[in-house]
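Let me begin by presenting the structure, written as structure tokens, before commenting on it.
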Amino acid sequence: MPHALLVSGSLGQGHDVMARACADSLEARGWTTGTVDAMALLGQRAGTAGEAVFRRLLGLPGVYDAFHFSALRPGARIALLADAAARRRLVPTLRALLGEQRPELVVSVFATATSAVNRLRGGPRPFRHLVLCTDVTPHRLWVQEESDLFLVTSEVAACGVRRYRPDAPVAVLPAPLRAPFYRPPSRAEARAELGVPAEARCVLMMSGAWGLGPLARTATALADAGPHVLAVAGSNSELERRLRRAAAHQPRLHPFGWTDRVPALMAAADLVVTSSGDTCSEARALGRRLLLLDIVQGHGRDNLQHELELGHADVVSARPPDVVRSTLAALTRPAPPPSPGATPEGWRTGFAAALERVGLA
Numbered sequence: 510m511p512h513a514l515l516v517s518g519s520l521g522q523g524h525d526v527m528a529r530a531c532a533d534s535l536e537a538r539g540w541t542t543g544t545v546d547a548m549a550l551l552g553q554r555a556g557t558a559g560e561a562v563f564r565r566l567l568g569l570p571g572v573y574d575a576f577h578f579s580a581l582r583p584g585a586r587i588a589l590l591a592d593a594a595a596r597r598r599l600v601p602t603l604r605a606l607l608g609e610q611r612p613e614l615v616v617s618v619f620a621t622a623t624s625a626v627n628r629l630r631g632g633p634r635p636f637r638h639l640v641l642c643t644d645v646t647p648h649r650l651w652v653q654e655e656s657d658l659f660l661v662t663s664e665v666a667a668c669g670v671r672r673y674r675p676d677a678p679v680a681v682l683p684a685p686l687r688a689p690f691y692r693p694p695s696r697a698e699a700r701a702e703l704g705v706p707a708e709a710r711c712v713l714m715m716s717g718a719w720g721l722g723p724l725a726r727t728a729t730a731l732a733d734a735g736p737h738v739l740a741v742a743g744s745n746s747e748l749e750r751r752l753r754r755a756a757a758h759q760p761r762l763h764p765f766g767w768t769d770r771v772p773a774l775m776a777a778a779d780l781v782v783t784s785s786g787d788t789c790s791e792a793r794a795l796g797r798r799l800l801l802l803d804i805v806q807g808h809g810r811d812n813l814q815h816e817l818e819l820g821h822a823d824v825v826s827a828r829p830p831d832v833v834r835s836t837l838a839a840l841t842r843p844a845p846p847p848s849p850g851a852t853p854e855g856w857r858t859g860f861a862a863a864l865e866r867v868g869l870a
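Taking our numbering as reference, the numbering of the sequence shown is continuous, increasing by one, and the terminal residue is 870.
Right under this line is the structure:
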């Protein structure tokens, strides 16, 4: 059977979700797959340091904005040097993986991996290389000359790729969703499961896998204002502890840590308050209005503006009083219909066409 190697990255959950979507589609077509984490391939010390630096950049107002817009987007020397340093660490490990797994296809869903994968294209066993990016404006490190095909989820992103490679082969696909979002429970079923009254106002609040921003204070203040609040801390254990302490005194606050119940949480909610990212596609698939927290710097600013352009969304700062006021207002606005393109067939058909374009039908 043909084999594919998927190269993800552990900065947040979005890259793993995209890798899983590719793996599911390939396995349904008779392929075998293997997935690796580029951050882990850097080595424990370098990978841990890289994540720490990224978290620190995001935590300092304006710093990651400056790096993204002045270095990553134009491909400034400092960005290229950082990419070269990562590539030197990744190439030996990837070379060993390619020799062991012998894939016909490599799919990069993490920018740090793309140049390292392309450096190995001239090996004894050829393979095709697809790059999947769900950001609305891929930065320079995503777009390498040797990649066979770029998979993006909007025409704006296709223009972003062609900024660096005017003749780049690009395919625009629907954003893939985790399987449960294609068949979520009904609102009534979800609320009964979660203990939310059928007629209550209900908000799902989350901010990425890392639980960015003052989520505990915000969720508590919003629950005090009347709605039921489903607050997801993700992998942020300290945030989860704060939410659970607050919930002991506020019965309308429902805390969650790392959970696979997000489809049910979203089905139960009238409104999704979140940072810009792949959660937005999931909310639109279920027909939920969005209130976007302007909290993710760099590519997050671009993604936020794109979500506003798509409609049925508002934006607010991460300050708790502002979020409460905007949430209460957003709850009075009509919900959108479920996104008509949010079907597994849309993604699978597009992905199959992409494979055919690179000769892997």
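Note that the Cβ used here is the ideal one computed from N, Cα and C, for glycine as well.
Check your understanding: Taking the continuous alpha helix (DSSP H) assigned at residue 656, which residues delimit it?
Key -> Against the sequence shown, residue 656 aligns to sequence position 147. First-last for residue 656: undefined, no H or E at that position.
**Study point:** Presumed contact (8 Å Cβ cut-off) between residue 839 and residue 780, rounded CB distance
**Key:** To locate residue 839, count along the sequence shown from 1; it is residue 330. To locate residue 780, count along the sequence shown from 1; it is residue 271. About 5 Å separates the two Cβ atoms, so the contact holds.
Review point. Which residues bound the alpha helix (DSSP H) around residue 670?
Key: If you number the sequence shown from 1, residue 670 lands on position 161. 664-673 is the extent of the alpha helix (DSSP H) around residue 670.
Check your understanding: Which residues share a DSSP beta bridge with residue 938?
Key -> Summary: the structure shown does not reach residue 938, with the chain confined to residues 510 through 870, and so no result is reported for it.
Check your understanding: Taking 7 Å as the cut-off, is the CB of residue 839 close to at least one heavy atom of the ligand ZN?
Key -> Questions concerning the ligand ZN fall outside what the structure shown contains, since it holds no ligand whatsoever.
Check your understanding: Where does residue 582 land, buried or exposed, given buried means 16+ other C-beta within 10 angstroms?
Key -> Reading the sequence shown from its first residue, position 73 is the one you call residue 582. Buried.
Check your understanding: For the beta strand (DSSP E) that residue 740 lies in, which residues bound it at each end?
Key -> In the sequence shown, residue 740 corresponds to position 231, counting from 1. Note, residue 740: beta strand (DSSP E), 737-741.
Review point. How about the segment 780-794 and the segment 743-763: do they share at least three Cβ pairs that are nearer than 8 Å?
Key: no
Review point. By Cβ distance below 6 Å, which residues in the same chain neighbour residue 846 in space, the five residues on each side in sequence not counted?
Key: Numbered from its first residue, the sequence shown carries residue 846 at position 337. Here the set comprises 796.
Review point. Looking only at DSSP bridge pairs, what is residue 713 linked to?
Key: What you label residue 713 is simply residue 204 of the sequence shown in a count that begins at 1. DSSP lists 739 and 781 as partners of residue 713.
Check your understanding: From what residue to what residue does the alpha helix (DSSP H) around residue 902 run?
Key -> Residue 902 lies beyond the residue range present for the chain, which begins at 510 and ends at 870; the question has no answer from this structure.
Exercise for review: Quick one: grab the DSSP three-state call for residue 579.
Suggested key: Position 70 of the sequence shown, counted from the first residue, corresponds to residue 579. In this structure, residue 579 counts as helix in the three-state DSSP scheme.
Review point. How would you label residue 541, buried or exposed, when you count the other beta carbons within 10 angstroms and need 16 or more for buried?
Key: Locating residue 541 in the sequence shown gives position 32, where the first residue counts as 1. Exposed.
Review point. If we count the other Cβ atoms within 10 Å of its Cβ and call it buried at 16 or more, is residue 793 buried or exposed?
Key: Along the sequence shown, read from residue 1 onward, the residue named residue 793 stands at position 284. Buried is the call here.
Practice item. Over the uninterrupted alpha helix (DSSP H) stretch that includes residue 813, give me the two end residues. Key: Translated into positions along the sequence shown, residue 813 becomes position 304. Run containing residue 813: 808-819, per the alpha helix (DSSP H) assignment.
Practice item. Decide yes or no for the touch test of the segment 521-531 against the segment 675-687: beta carbon pairs closer than 8 Å, at least 3 of them. Key: yes
Practice item. May I ask which residues mark the beginning and end of the beta strand (DSSP E) holding residue 648? Key: Within the sequence shown, numbered from 1, the residue matching residue 648 stands at position 139. It is not in any beta strand (DSSP E) - residue 648 carries neither H nor E in the DSSP assignment.
Check your understanding: With DSSP run on the structure shown, which of helix, strand or coil describes residue 524?
Key -> By 1-based counting over the sequence shown, the position of residue 524 is 15. Reduced to three states, the DSSP call for residue 524 is helix.
Check your understanding: Hey, quick one: how far does the alpha helix (DSSP H) through residue 733 stretch, first residue to last?
Key -> As a working note, residue 733 is residue 224 in the sequence shown. Unbroken alpha helix (DSSP H) run through residue 733: 724-733.
Review point. Which residues in the same chain have their Cβ closer than 6 Å to the Cβ of residue 534, if we skip the five residues on either side of it in sequence?
Key: Residue 534 sits at position 25 when you count from the first residue of the sequence shown. Closer than 6 Å at the Cβ level, and outside the excluded window around residue 534, lie 857 and 860.
Review point. Within this structure, are the beta carbons of residue 722 and residue 743 separated by less than 8 Å?
Key: Here the question's residue 722 lines up with position 213 in the sequence shown. Here the question's residue 743 lines up with position 234 in the sequence shown. Result no, Cβ atoms of residue 722 and residue 743 do not sit closer than 8 Å.
Review point. Going by Cα to Cα distance, which pick from 579, 615, 595 and 799 is closest to residue 869?
Key: Numbered from its first residue, the sequence shown carries residue 869 at position 360. Of 579, 615, 595 and 799, the residue nearest in Cα terms is 615.
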